[in-house]
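**Student:**
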């Protein structure tokens, strides 16, 4: 006659269950230590993970806004430089106009002033484009 026996060892089962819990906890702790983060996945802390994700997105958005502001500053600096150059050229052109309007100049002198005036006008066009 075959007898079928089931042996049960509650102490062994309890020890095995506790070992499994301890190994799971150790795995979580090692994961946190190796990453340096308290939350590594949603299961660690779903509310904390959601908050962390939102804050990370806000930080990325602020970094992009900062880059956009820096790009705008660079653009404005370039525009300011161009406007400064234009202002200088217009002042020179005004001076040449006043100089050309005097009665003491002859036609050759005026032609020379006009040549310089035209080159300044070409420079204005170059800066504007």
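Residue numbers (the UniProt record's numbering): 1 to 129. Ideal Cβ placement from N, Cα and C applies to all residues, glycine included.
From residue 58 to residue 64, what distance separates their C-alpha atoms?
**Tutor:** Looking at the two C-alpha atoms, the distance is approximately 10 Å.
**Student:** Whose CA, out of 73, 111, 81, lies closest to the CA of residue 127?
**Tutor:** Of the listed residues, the one whose Cα sits closest to residue 127 is 81.
**Student:** Could you spell out where the alpha helix (DSSP H) holding residue 78 opens and where it closes?
**Tutor:** Where residue 78 is concerned, the enclosing alpha helix (DSSP H) stretches over 46-100.
**Student:** Are residue 113 and residue 99 closer than 8 Å when you measure CB to CB?
**Tutor:** Yes.
**Student:** Check for me: the alpha helix (DSSP H) holding residue 109 runs from which residue to which?
**Tutor:** Element bounds for residue 109: 107-128.
**Student:** What is the DSSP secondary structure of residue 18, counted as helix, strand or coil?
**Tutor:** Looking at residue 18 - three-state DSSP - the assignment turns out to be helix.
**Student:** Of the choices 109, 86, 103, 111, whose alpha-carbon is the least far from that of residue 120?
**Tutor:** Minimum Cα distance to residue 120 is reached at 86.
**Student:** Straight-line CA distance for residue 21 to residue 9?
**Tutor:** Roughly 19 Å between the two C-alpha positions.
**Student:** I need the straight-line Cα distance from residue 101 to residue 107, nearest angstrom please.
**Tutor:** Going from the Cα of residue 101 to the Cα of residue 107 covers about 11 Å.
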